[in-house]
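Number of protein chains: 2
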Amino acid sequence: MKKKALLKDIAKKVGVSIATVSYVLSKGKESKVSVEMSEKIKKVAKELNYQPNQIAKSLKSGRTFTIGLVVADISNPFFAHIARIIEDEAAKLGYTLVFSSSDERAEKSWGLIKFLINRQVDGFIIVPTKGSEDQIKHLKEQNIPFVLIDRYFQEIPSNYVVIDNFGAAYKAVERLIVTGNKKIGIIAYGNSLVHMKGRIKGAMAAMENHNLKVNESWLKEINFSSIGEDVVNGINGLLLVEEPVTAIFFASNSLAIHGMKQIDKLGLKVPNDVAIVSFDQGEAFDFYYSPITYIQQPLTELGKEAVKILVDEISDPEIGYKQMSLEAKLIVRESCGKASLR
Amino acid sequence: MKKKALLKDIAKKVGVSIATVSYVLSKGKESKVSVEMSEKIKKVAKELNYQPNQIAKSLKSGRTFTIGLVVADISNPFFAHIARIIEDEAAKLGYTLVFSSSDERAEKSWGLIKFLINRQVDGFIIVPTKGSEDQIKHLKEQNIPFVLIDRYFQEIPSNYVVIDNFGAAYKAVERLIVTGNKKIGIIAYGNSLVHMKGRIKGAMAAMENHNLKVNESWLKEINFSSIGEDVVNGINGLLLVEEPVTAIFFASNSLAIHGMKQIDKLGLKVPNDVAIVSFDQGEAFDFYYSPITYIQQPLTELGKEAVKILVDEISDPEIGYKQMSLEAKLIVRESCGKASLR
DNA sequence: TTGAAAGCGTTACCAA
DNA sequence: TTGGTAACGCTTTCAA
Numbered sequence: 001m002k003k004k005a006l007l008k009d010i011a012k013k014v015g016v017s018i019a020t021v022s023y024v025l026s027k028g029k030e031s032k033v034s035v036e037m038s039e040k041i042k043k044v045a046k047e048l049n050y051q052p053n054q055i056a057k058s059l060k061s062g063r064t065f066t067i068g069l070v071v072a073d074i075s076n077p078f079f080a081h082i083a084r085i086i087e088d089e090a091a092k093l094g095y096t097l098v099f100s101s102s103d104e105r106a107e108k109s110w111g112l113i114k115f116l117i118n119r120q121v122d123g124f125i126i127v128p129t130k131g132s133e134d135q136i137k138h139l140k141e142q143n144i145p146f147v148l149i150d151r152y153f154q155e156i157p158s159n160y161v162v163i164d165n166f167g168a169a170y171k172a173v174e175r176l177i178v179t180g181n182k183k184i185g186i187i188a189y190g191n192s193l194v195h196m197k198g199r200i201k202g203a204m205a206a207m208e209n210h211n212l213k214v215n216e217s218w219l220k221e222i223n224f225s226s227i228g229e230d231v232v233n234g235i236n237g238l239l240l241v242e243e244p245v246t247a248i249f250f251a252s253n254s255l256a257i258h259g260m261k262q263i264d265k266l267g268l269k270v271p272n273d274v275a276i277v278s279f280d281q282g283e284a285f286d287f288y289y290s291p292i293t294y295i296q297q298p299l300t301e302l303g304k305e306a307v308k309i310l311v312d313e314i315s316d317p318e319i320g321y322k323q324m325s326l327e328a329k330l331i332v333r334e335s336c337g338k339a340s341l342r
Numbered sequence: 001m002k003k004k005a006l007l008k009d010i011a012k013k014v015g016v017s018i019a020t021v022s023y024v025l026s027k028g029k030e031s032k033v034s035v036e037m038s039e040k041i042k043k044v045a046k047e048l049n050y051q052p053n054q055i056a057k058s059l060k061s062g063r064t065f066t067i068g069l070v071v072a073d074i075s076n077p078f079f080a081h082i083a084r085i086i087e088d089e090a091a092k093l094g095y096t097l098v099f100s101s102s103d104e105r106a107e108k109s110w111g112l113i114k115f116l117i118n119r120q121v122d123g124f125i126i127v128p129t130k131g132s133e134d135q136i137k138h139l140k141e142q143n144i145p146f147v148l149i150d151r152y153f154q155e156i157p158s159n160y161v162v163i164d165n166f167g168a169a170y171k172a173v174e175r176l177i178v179t180g181n182k183k184i185g186i187i188a189y190g191n192s193l194v195h196m197k198g199r200i201k202g203a204m205a206a207m208e209n210h211n212l213k214v215n216e217s218w219l220k221e222i223n224f225s226s227i228g229e230d231v232v233n234g235i236n237g238l239l240l241v242e243e244p245v246t247a248i249f250f251a252s253n254s255l256a257i258h259g260m261k262q263i264d265k266l267g268l269k270v271p272n273d274v275a276i277v278s279f280d281q282g283e284a285f286d287f288y289y290s291p292i293t294y295i296q297q298p299l300t301e302l303g304k305e306a307v308k309i310l311v312d313e314i315s316d317p318e319i320g321y322k323q324m325s326l327e328a329k330l331i332v333r334e335s336c337g338k339a340s341l342r
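These protein sequence lines map, in sequence, to chains A and B.
At position 64 of the first sequence the residue is numbered 64 (this note's numbering), and the sequence of numbers has no breaks.
At position 173 of the second sequence the residue is numbered 173 (this note's numbering), and the sequence of numbers has no breaks.
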């Protein structure tokens, strides 16, 4: 095994001091080292296949060029997609990503964040879970740069990049109304996070503004940890009752997937028995016999902006918070039924 | 902003040396520091919210407790799923994951690996791309522990965890034969990686052993970078010809997704016009009007074993290579047609 | 039982 | 233009 080459080794071989080698290799043209010396050093560095030890650099500089990414679950296509965009964007700026999945659990998220702080990440991009307010406050107190994505806490000023969930849900449900539905169920996660609240409020606002009855029992709130059961019960509660709904708005991809399976199981047909609109993309949406109408989030923009804001703050801690709310698009397909012209 | 607490700060506050504090905090019970002293130090450490600087520890110890994960594309559900399993497993053992996507490009993979080596990762878990043999050899020369997953290089002894691709593909195609298909097309990536070769060979072996004609032109090799076009052409070349095939074996999830879209576009029906079997799971497979029969890879086992082998080698560099080939399961559903009893 | 000091691989200040 | 050396925060050997 060839031992790893150090500055010391190069210095010895060339016959100069470590400092000189460091100058040449880290400053490039800027250094005041003579050209011949520079060339010689670079040549030897290449010969020995010198690779600087980033850990040592980091200890010295206090910067690791590492970003901690905390998402709910990297295996969820929505987050995997975002992760990929963030990865590419971060790489362009010389940053590496360390990632972890919080499973929407505050304790787990807290453990991960502490862990990554010890690892001296330069900043975080976080999909905050319910109940993680203290963690976010802690980051602020410690002056560790971070950007929240997908959700944020209204009462905690911070950087964030989210989408206009209210507006998107409004559009989605309005579509269901235009196609003639008067009784519309909502299946959403039952947590108190703004993004979900926004979607629920947007959906309800659409109904109210179109003078539809808003029945409390048509809102089914699902627990992330028991999604399977809960959605089945929710769907049954909406469709297998005295006065069933004629359409359902799913507030997320995974909710829709579970919901569609149950609708299939009940032998109901989309969109005639029940119309559907969902949030987020999904491979399955394209292949469903009645392609699903959905809200398409601008993930690329979201990821890019998040990285940009984070890196800007890392470079200039005094820069001040930035908030962005991006518009989402409604992709209309068959599952919501046809608009009736009356 | 509270400044970060260091060992020095604790030492000063308690009135002892840095060394003593280090003993107490890192050795726990093992240290020979008196109980009262220990208590006092721990108390102050908590007060000051001391968090050890892992970078400094790493520089000293030469270990970062970080694993570099290089996959083809983290946004691909197959890899995202594996990443999640590896993340959990690594976390249990105290390791963090740094990940990057190679896009199946050797140059990119090389850049990532060098980058991560500089970052002093303790080891790698890699999905090697075509043409990355030199990179793997380099890791061996540098004695950097690594485990290849999904694929490996036959001519380079190393750790790896893969599945029995030959056997899995054999089973898959045999199924198509049992359901009465005599002309079977193969859509696979056209690279020289063992996993793809294994799948193609397995598929062909099944045909040969059942005395079916194996037509060269029924094997369509797809370029990863032009998958969209290539699959369309491939499907057309199999189905819109003089003597069309009656069934298609897709060697990966993404190939199947593209293929299904084209089959739909041609107005053909699965499984009557064309039967389908694919590799890998996919949400879309469940929702296709004719649920797709597929090969289910044991991802959990694969991820867990990979981490285990890697961490074992990190702990004991002399341990020797380990190779694992796991069995995959064929999940039979409608897309392959019904077995005809003749 | 406690502490001084060397050292991990770099960088950068200050001198030469 | 070049080099000695302190410093980054921690661990660990050796001595007290």
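We put the beta carbon where it would ideally sit given N, CA and C, even for glycine.
All values derive from a computational prediction rather than experimental measurement.
On the CB-based measure, 16 or more other CB atoms within 10 Å of its CB, does residue i come out buried or exposed?
| i | result |
| --- | --- |
| residue 145/A | buried |
| residue 320/A | exposed |
| residue 154/B | exposed |
| residue 289/A | exposed |
| residue 240/A | exposed |
| residue 171/A | buried |
| residue 157/A | exposed |
| residue 19/B | exposed |
| residue 35/B | exposed |
| residue 122/A | buried |
| residue 32/B | exposed |
| residue 62/B | exposed |
Could you tell me whether any Cβ in chain B is nearer than 9 Å to the Cβ of residue i?
| i | result |
| --- | --- |
| residue 282/A | yes |
| residue 298/A | no |
| residue 273/A | no |
| residue 344/A | Outside the displayed span of chain A (1 to 342) sits residue 344/A, for which this structure offers no information. |
| residue 139/A | no |
| residue 344/A | In the structure as shown, chain A starts at 1 and stops at 342, and residue 344/A therefore has no counterpart that could be examined. |
| residue 276/A | no |
| residue 24/A | no |
| residue 54/A | yes |
| residue 66/A | yes |
| residue 48/A | no |
Tell me, which residues are paired with residue i by DSSP?
| i | result |
| --- | --- |
| residue 293/B | 277/B |
| residue 221/B | 188/B |
| residue 101/A | 71/A |
| residue 324/A | 161/A |
| residue 250/A | 187/A and 278/A |
| residue 123/A | 67/A |
| residue 330/B | 295/B |
| residue 268/B | Answer is none; residue 268/B lacks a bridge partner. |
| residue 148/A | 126/A and 160/A |
| residue 96/A | 66/A |
Does chain A have any CB closer than 9 Å to the CB of residue i?
| i | result |
| --- | --- |
| residue 80/B | yes |
| residue 152/B | no |
| residue 76/B | yes |
| residue 100/B | yes |
| residue 350/B | Here chain B comprises residues numbered 1 to 342, so residue 350/B is not present and cannot be evaluated. |
| residue 288/B | yes |
| residue 328/B | no |
| residue 84/B | yes |
Relative to the ligand FMN, is the shortest distance from any of its heavy atoms to the C-beta of residue i smaller than 8 Å?
| i | result |
| --- | --- |
| residue 251/B | Within the structure as shown, the ligand FMN is missing, as the structure has no ligands at all. |
Just to check my reading of the structure: residue i and residue j have Cβ atoms closer than 8 Å, yes? What is that Cβ distance to the nearest angstrom?
| i | j | result |
| --- | --- | --- |
| residue 99/A | residue 127/A | Not really, about 11 Å apart at Cβ, beyond 8 Å. |
| residue 50/A | residue 5/A | 4 Å |
| residue 77/A | residue 163/A | Going by Cβ atoms, the distance from residue 77/A to residue 163/A rounds to 17 Å, so no, they are not a contact pair. |
| residue 200/A | residue 186/A | 6 Å |
| residue 295/A | residue 333/A | With a Cβ gap of about 12 Å, residue 295/A and residue 333/A do not count as contacting. |
| residue 259/B | residue 249/B | Contact flag wrong, Cβ pair sits at about 10 Å. |
| residue 74/B | residue 105/A | In fact, because the Cβ distance is near 22 Å, the residues do not count as touching under 8 Å. |
Quiz item: Which runs of the beta strand (DSSP E) spanning at least 3 residues fall entirely within the stretch 45-71 of chain B, listed in chain order?
Solution: With a minimum length of 3 residues, the continuous beta strand (DSSP E) runs that stay inside the stretch 45-71 of chain B are 66-71.
Exercise. Could you pull out every unbroken alpha helix (DSSP H) segment of at least 4 residues lying fully inside the stretch 151-196 of chain B, listed in chain order?
Key: Taking only runs of at least 4 residues, the alpha helix (DSSP H) segments lying wholly in the stretch 151-196 of chain B are 165-178.
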